[in-house]
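Using this note's numbering, read the sequence shown as starting at 37 and increasing by one per residue.
To keep things clear, I will list the structure first and then write my remarks on it.
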Amino acid sequence: MDFLRKNWLWIVIPILFVIIAAVLVYKLTDDPGSEFVYPV
């Protein structure tokens, strides 16, 4: 568990990056004709 305690940033940061990237793509492709747009 010592490994996780010291290196949790290397796990959290990529996950946050992926989430932020997904949100940006969602915002950029937010048009009425897109089938990937979901109501918020």
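Just so it is clear, CB atoms sit at the ideal spot from N, CA and C, and this is done for glycine as well.
Secondary structure at Trp44: coil, using DSSP grouped into helix, strand and coil. Judged by DSSP in its simplified three-state form, Asp66 adopts coil rather than helix or strand. Within the model, the alpha-carbon separation for Asp38 versus Pro50 is close to 20 Å.
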